[in-house]
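In what follows, a structure is listed as structure tokens, so that the remarks can point back to it.
In my numbering, the protein residues as written are 285 to 687.
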């Protein structure tokens with residue numbers, strides 16, 4: 285098949301910092317542009333906090349709770365379909381992933397010990413990676429799959445100082461010149477001024493990242509294969525910035541600031557343009573979409589949405605981490621925490637009103653919490669046995685809180 289694909293993955297980027305997802309104070313013109321040309325998934329829910337697990341989902345279509353082996357990985361399938369497959373990353377965990385062996389070409393940019401902010405954008409880590417990607421794109425003459433993974437906000441926060449200062453009001457604290465991603469946990473509230481420094485610094489990183497998205501979009505548009513090139517932008521997990529007592533992934537608790545990530549797709553020939561979906565999407569769906577590009581007719585929820593085909597709506601998304609599980613439905617979000625032999629502790633939040641999960645209601649909706657725990661058990665067992673396609677629809681009380 286003649287379709288090419290560019291996949292740009294930026295680690296530790298929650299959807300809430302992007303304009304297409306409702307952010308009004310960080311300018312993300314390139315992401316806005318991409319969203320205007322494609323399909324935006326409002327509820328892309330990561331299935332794990334572990335990078336290796338999310339990549340297994342990307343490259344096999346298996347959920348993080350499904351430990352079975354896949355017959356063939358995405359890069360292997362793309363290679364057999366005649367695409368040149370290239371992996372470009374600055375993250376050793378991705379380059380050394382067992383499934384990365386399926387790429388015909390792997391490029392790992394060496395990590396640098398960053399101790400000072402960049403003075404120019406092109407000195408930042410993500411810009412260096414983007415420049416390498418632009419060079420790869422310029423060399424392509426035949427259909428290809430280029431998978432770009434940036435360490436993003438899990439790497440050095442090295443945006444030039446002016447990009448941090450751009451968000452600072454006169455009375456706000458100076459954001460500082462630190463480059464190491466902050467990691468801290470508090471039992472009480474964070475000092476607002478301290479937190480603001482981190483938020484402004486993070487926003488500066490997002491601004492630089494958005495410029496890199498724009499450069500990749502421009503490069504893809506200049507190719508003769510432009511109309512036949514799929515472009516996907518996503519992240520495997522977000523970065524806590526004071527929500528639920530954490531700055532940074534101290535414990536990788538399964539809350540929305542970690543699980544809610546962007547997924548914006550520009551499909552070949554303009555399919556799905558100007559479409560927003562509120563269906564629950566997970567990392568394995570990106571695999572299925574790319575497989576459907578390689579083998580027309582292959583099942584893909586995202587392709588069904590883009591082409592407005594009749595399909596059963598997705599009413600459940602689940603995630604797993606060490607000692608934790610979570611389930612998201614259109615109406616609820618439940619987090620379950622297990623510590624040793626203690627009885628699991630659950631937290632319940634109403635969706636979509638409680639976007640940031642601040643109003644815990646398990647004690648007031650105990651029956652719903654029990655039903656969600658049972659649904660989570662059912663999902664996990666189905667995943668373990670590779671039977672997620674056979675899951676029955678949820679009860680109305682779990683998919684619609686007003687019933």
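Note that beta-carbon positions come from the ideal geometry of N, C-alpha and C, so glycine has one too.
Every value quoted in this text rests on a predicted model; they were computed, and no experiment measured them.
Sub-7 angstroms separation of residue i and residue j beta-carbons
i           : j           : result
residue 552 : residue 514 : yes
residue 531 : residue 437 : no
residue 389 : residue 370 : yes
residue 298 : residue 522 : yes
residue 497 : residue 325 : no
residue 322 : residue 568 : no
residue 335 : residue 372 : no
residue 516 : residue 549 : yes
residue 413 : residue 430 : no
residue 526 : residue 474 : yes
residue 604 : residue 349 : yes
residue 705 : residue 427 : Only positions 285 to 687 of the chain appear in this structure, which leaves residue 705 out of reach.
residue 287 : residue 512 : yes
residue 234 : residue 563 : Residue 234 cannot be examined here, being either before or after the span of the chain that is shown, 285 to 687.
residue 566 : residue 329 : yes
Beta-carbon separation (whole angstroms), residue i vs residue j, contact threshold 8 angstroms
i           : j           : result
residue 660 : residue 609 : 6 angstroms
residue 633 : residue 645 : 7 angstroms
residue 576 : residue 290 : Not a contact, Cβ separation roughly 17 angstroms.
Which of helix, strand or coil DSSP assigns to residue i
i           : result
residue 368 : strand
residue 288 : strand
residue 308 : coil
residue 687 : With a pLDDT of 47 at residue 687, under the threshold of 50, the predicted position of this residue should be treated as unreliable, and no value is reported.
residue 601 : strand
residue 631 : strand
residue 657 : helix
residue 451 : coil
residue 510 : helix
residue 468 : strand
residue 639 : coil
residue 551 : coil
residue 434 : strand
residue 329 : strand
Cα-Cα separation between residue i and residue j, rounded to whole angstroms
i           : j           : result
residue 672 : residue 313 : 37 angstroms
residue 294 : residue 518 : 7 angstroms
residue 300 : residue 545 : 8 angstroms
residue 658 : residue 571 : 28 angstroms
residue 471 : residue 310 : 29 angstroms
residue 542 : residue 362 : 30 angstroms
residue 626 : residue 607 : 11 angstroms
residue 643 : residue 637 : 10 angstroms
residue 612 : residue 684 : 12 angstroms
residue 663 : residue 337 : 17 angstroms
residue 368 : residue 483 : 39 angstroms
residue 464 : residue 439 : 8 angstroms
residue 285 : residue 365 : Bear in mind that the predicted position of residue 285 carries a pLDDT of just 49, short of 50, making it too unreliable to give a figure here.
Residue nearest to residue i in terms of C-alpha spacing, selected from the options
i           : options               : result
residue 332 : 340, 571 and 387      : 340
residue 596 : 678, 638, 639 and 573 : 678
residue 481 : 447, 664, 657 and 541 : 447
residue 641 : 650, 619 and 655      : 619
residue 600 : 509, 676, 588 and 320 : 676
residue 442 : 462, 358, 328 and 349 : 462
residue 680 : 547, 652, 399 and 362 : 652
residue 401 : 486, 352, 454 and 457 : 486
residue 375 : 424, 348, 420 and 433 : 433
residue 561 : 305, 392 and 460      : 305
residue 492 : 410, 478, 577 and 557 : 410
residue 357 : 578, 444, 477 and 296 : 578
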